[in-house]
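J.: One structure is given below, represented as structure tokens, and several questions about it will come after.
Numbering (UniProt numbering), first residue to last: 1 to 922.
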């Protein structure tokens, strides 16, 4: 092994070896275990959320593969209708072309070309993360097999009356000219206005004042609503107002939805341009007047003076015209949530169009029941409430999109408007006995990408054919996903799978949180706090990081803002930490909370953990290679107390990891492994092994026993760690395994270590805890009294019980070597103890006489300087925290940090003063 751990030197090499040898493919076994990857967008690149999610899945897959399951992790990508179409359209724009110049067929060919050349970036990044997906089975939501499944589902649902075409409100993107899902709409607070207008009563006896944030929509108003118990307007309900500018008479209605405390208590109702108004319009049978076209410009349904104006230009004109008519009451500043398309950035409009819908209410019943009866379980369980809330109030699902890239809807129309659904035009004609002379045209729309991904668990395994893979790996074992798509994807998969397969798609839904920065802020480029997992693995200098983050920015001001934020957050760039350190950081953060705070300091710590493992392995190999380690288990061995203790600790760690994995507590699993490797095996057992290995008087059986324990525990530990840290464990295992009597081409196909109660030794545990307590007590005395580590100590023990005496007799030699002791003895009854520094282990008192160990005056002078230094620092911090200008204006996190520093400094000062007092008494 090399002297230092260099992850870059081993990671790519091992991944290629694993993939080339087919280790990621199912290996057989009686019990199947499968996970279907949430398909990332083909246009995408790995972000921190992806990295966290994939690391969780890979740990589960590697763990179950090693546990003997017939394991499949199904890979694939989503065709990402809008995102992919936009990428290729931008390329055409750079050439001075549009998709319409090419036509639909040529444009789709262009997208397939892009997909083959540039669409695999995220799959390369997943490999870099060590994800052990079965790449031989990779699927794409537009490949031939999945397209067949999508078509089958659409046709069958249509024939069952569960898919229909209708006119309803949708989220409309005026730039992309398509309906979009709620998930593709970002609503953020923006500063706007609240306009108050006078709507004259048709009777000519006064007016009502209504408030709106969107004046242009008044051209489509079909009612004014008040609360039925609002005494101010009760006498007006049933009358009408004359709509300004349009001249239409519209009714005054009463509805519980109206908040009498908001504005004037009068609300304009525009059913064709507001989702809440649409529902009210349905309740009251109101007319729906659509006053916008596909570009969000005013159409012919509005007065001629506004036709053709952009919606915001029309807004300005309408406000001016109402003011001129004396109908503008007032304008107030108003903060409101503005919906914008996540791709286009333009304001989304509620828009009345003809779309295709799935009758989701009819499909929801069995999906709710599957979670109620425990066929599907959510982890953490509270997410079931979110699921039920959505499902019990589910709306019909708009599945059509006005794009060219995607699964084209298999529906044809004749000139009379009749709809025919089938696999192709020939089948449609044959089934419906249509003459060749009848002209048919196929629907121009494509299906929402969530439609194809709703079939993901079974379509990827070959459905609608009854394949062997489908019989073996479906239902899948667990779905790992974020809470933000429980409705958009999880619920729809459950509905579709139950309907077409009559079984659940998965048994468990593990819901993880969002990855935020160390302060709990959402990661974004503009804040400069976004992290790329690959940058953390490989490292990146500051200039390259800035260039990467500002690449493609169309607005110079935004690019400058991002550059400034990046330089502030990462002034020296990002160090290379390697995949194993990043993955272990993810696991340490994987609690059952919603948010994950990612701190660079933690990955630094786990890179040190990798180094610790590497150095421990080098120590073991230096002492075991070329030596008799009893690899075949046939030799005479004598196990020391330390040997028996570490074997026992290993069993407890196996049990802790198994329990954590069963409950999806990856943070508990990683903590148990870290604690065992760092604190028990490296810090204690390796030290405890030295007195045996380096003692010329120790028997060969004892040395053989310690060497065997060193190598076997290390080999088992590597297997325990492998699902979490695949690269370093594989690299070390290749050298360690033969010495431990293990054979095999790869660690990833070795059996996962199981708990064995025969290895638990309670007596050894108690004895070693006593030994550790004495050594730690002596180390604390050295530190507190500033005694050099190399200085030999004479130690006295007082109040020793029978167990203390027995343990001292058995461990005196180890204590002398490990604690650097000249002598250690029990004080006789009545013997007076000298002035000494003390420590306690239970009732046992450890005394280190101070005579000749320290220069009393020099030590007091040193402590006085330390006390003075700390007192000055405390004054500075207290002054800061007593300053209202700082406490009130500084960010909460900064103030909290100062308070934490104050507490730490106070504790340190108290300790120094106590130490000074003890020395003064000598």
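The beta-carbon is built from N, C-alpha and C at its ideal position, and this holds for glycine as well. For clarity, every value in this text was computed on a predicted model and none was experimentally measured.
(1) Thinking C-beta only, is residue 333 closer than 8 Å to residue 499?
(2) Which two residues bound the contiguous alpha helix (DSSP H) that contains residue 70?
(3) Please classify residue 378: does DSSP put it in a helix, a strand, or coil?
(4) When the Cα atoms are used, what is the spatial distance from residue 766 to residue 525?
(5) From residue 643 to residue 739, what distance separates their C-alpha atoms?
(6) Which residues mark the beginning and the end of the alpha helix (DSSP H) in which residue 660 is found?
(7) In the DSSP assignment, find the unbroken alpha helix (DSSP H) run with residue 493 in it and report its ends.
(8) Determine the DSSP secondary structure at residue 879, reduced to helix, strand or coil.
(9) What does the alpha-carbon distance come out to for the pair residue 846 and residue 778?
(10) Please name the residue in 270, 245, 790, 262 whose C-alpha comes closest to that of residue 252.
(11) With which residues is residue 398 paired in a DSSP beta bridge?
(12) Could you check what DSSP says for residue 301 in three-state terms: helix, strand or coil?
(13) In chain order, what residues of the same chain have a beta carbon less than 7 Å from the beta carbon of residue 711, not counting five sequence neighbours either side?
(14) So, using beta-carbon positions, are residue 539 and residue 576 closer together than 8 Å?
(15) Using DSSP with H/G/I as helix, E/B as strand and the rest coil, what is residue 163?
(16) Taking only three categories from DSSP, how would you classify residue 140?
(17) Taking contact to mean at least 3 C-beta pairs separated by less than 8 Å, is the stretch 147-161 in contact with the stretch 447-462?
(18) List the endpoints of the continuous beta strand (DSSP E) containing residue 474.
(19) At 4 residues or longer, and completely inside the stretch 740-768: list those alpha helix (DSSP H) runs for me, N to C.
(20) With the cut-off set at 8 Å, would you say residue 848 and residue 836 are in Cβ contact?
(21) Which one or two residues does DSSP pair with residue 338 in a beta bridge?
(22) Note the first and the last residue of the continuous alpha helix (DSSP H) segment covering residue 449.
(23) Expressed to the nearest angstrom, what Euclidean distance is found between the alpha-carbon atoms of residue 542 and residue 894?
(24) Quick check on DSSP: helix, strand or coil for residue 19?
(25) Could one say the Cβ of residue 331 lies closer than 8 Å to chain D's Cβ atoms, at least one of them?
(26) DSSP on residue 41, reduced to helix/strand/coil?
(27) Would you kindly report the start and end of the unbroken beta strand (DSSP E) that includes residue 412?
(28) Excluding sequence positions up to five away, which residues of its chain have a Cβ less than 6 Å from the Cβ of residue 519?
(29) In its own chain, which residues sit with a C-beta less than 6 Å from the C-beta of residue 510, not counting the 5 before and 5 after it?
(30) How big is the Cα-Cα spacing for residue 86 and residue 401?
(31) Which stretch, first to last residue, makes up the beta strand (DSSP E) that contains residue 506?
(32) My output table needs one value for residue 525: the three-state DSSP class, helix, strand or coil.
(33) What do you reckon, are the CB atoms on residue 174 and residue 299 nearer than 8 Å?
(34) Candidates 879, 782, 890, 884: which alpha carbon is nearest residue 902's?
(35) Determine contact between the stretch 171-186 and the stretch 225-239, defined as no fewer than three beta-carbon pairs at a distance below 8 Å.
(36) Find out if the Cβ-Cβ distance for the pair residue 687, residue 818 is shorter than 8 Å.
T.: Result, derived from the coordinates:
(1) No, Cβ-Cβ distance for residue 499 and residue 333 is not below 8 Å.
(2) No alpha helix (DSSP H) holds residue 70; the beta strand (DSSP E) holding it covers 70-74.
(3) strand
(4) 53 Å
(5) Cα-Cα distance, rounded: 17 Å.
(6) 641-662
(7) 492-501
(8) helix
(9) Each residue's Cα considered, the two are about 8 Å apart.
(10) 270
(11) Paired residues: 357.
(12) coil
(13) 620, 624, 629, 736, 739, 740
(14) yes
(15) Note: residue 163 maps to strand in three-state DSSP.
(16) Strand at residue 140.
(17) yes
(18) Element bounds for residue 474: n/a, residue is neither H nor E.
(19) none
(20) yes
(21) 188
(22) 449-453
(23) 25 Å
(24) Helix at residue 19.
(25) Of the chains in the structure shown, none is chain D; there is only one protein chain.
(26) strand
(27) 411-413
(28) Excluding sequence positions up to five before and after residue 519, its CB lies within less than 6 Å of the CB of 893, all in the same chain and listed in chain order.
(29) Same-chain partners within the cutoff: 379, 478, 480, 664.
(30) The straight-line gap from Cα to Cα measures roughly 14 Å.
(31) From DSSP, the beta strand (DSSP E) with residue 506 extends over 506-512.
(32) coil
(33) no
(34) 879
(35) no
(36) yes
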